[in-house]
Amino acid sequence: MNSRDYYLSISRDHFYNASMLIYNTQKDNVNFWCALIVNQALTCELSIKTILEKLKIKYTNIHSLYNLFQLLPQEIQIEIVNNISKSLNHPPESVWMNIQLFSFSCVDWRYLDKTMIIETSTLHQFMLALYNCSRKYVAYVVKEREEPLSENELQEIDNKFAEYTMQALNDNAKRIDEINMKQKSKKSKRLK
1266 MNSRDYYLSI SRDHFYNASM LIYNTQKDNV NFWCALIVNQ ALTCELSIKT
1316 ILEKLKIKYT NIHSLYNLFQ LLPQEIQIEI VNNISKSLNH PPESVWMNIQ
1366 LFSFSCVDWR YLDKTMIIET STLHQFMLAL YNCSRKYVAY VVKEREEPLS
1416 ENELQEIDNK FAEYTMQALN DNAKRIDEIN MKQKSKKSKR LK
């Protein structure tokens, strides 16, 4: 098992499940639009990255759906755009334009003052198409265990969580230090 595609696909599934829960129960409720759009965009991003990872296509840590989508093989791009085009009865050029328009929706829709009007039915279809496509490459099923975990298994899980927590704390501390250094640098330049 490739741990990178495992974690990408599990995260993808979580955001997809949240998207579908909101979409199926609250899509017409304006109070849920930000959450719906951000979850759909994250599903798209993680679906694309899952495919790229499986195909061993290098990508940087970018969040632009359009730029990530452009990294996929041409035949996958065309198939997805054509499927959305047929599903929504929109010309393919319109679908491409809409993908560009909601390319940064994951980032922008976290804050209402940065949102813009996007064609949500295309985003929804884009998410469904990418999710289904990515599941052809990587799909894990998380099952509940029938028997309880042994003491050793529980201890192993606790150790892994402790390891991941320490790694996350160290990574966050490095980020905070970098931000503080940049702010000090800017402040000292202003004072000069």
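Numbering (our numbering), first residue to last: 1266 to 1457. The C-beta atom is built at its ideal place from N, Cα and C for all residues, glycine as well.
If only complete runs of 4 or more residues are kept, the region 1373 to 1437 shows the alpha helix (DSSP H) at 1385 to 1402, in order along the chain. When DSSP states are grouped into helix, strand and coil, Lys1292 belongs to the coil group. The Cβ atoms of Thr1387 and Val1346 lie no closer than 8 Å to each other.
Just measuring C-alpha positions, the residue of Lys1401, Cys1371, Lys1351, Asp1373 sitting nearest Ser1274 is Lys1401. Between the alpha carbons of Arg1410 and Leu1311 lies a distance of about 27 Å. Membership of Thr1308 in the alpha helix (DSSP H) is indicated by the continuous run 1298 to 1319. Your pair Arg1375 and Val1303 checks out as a contact, with CB atoms roughly 6 Å apart and the cut at 8 Å. Under the 10 Å beta carbon count, Gln1339 is surrounded by fewer than 16 other beta carbons and is classified as exposed. The beta carbon of Ser1352 is closer than 7 Å to those of Gln1390 in its chain, skipping five residues each way along the sequence.
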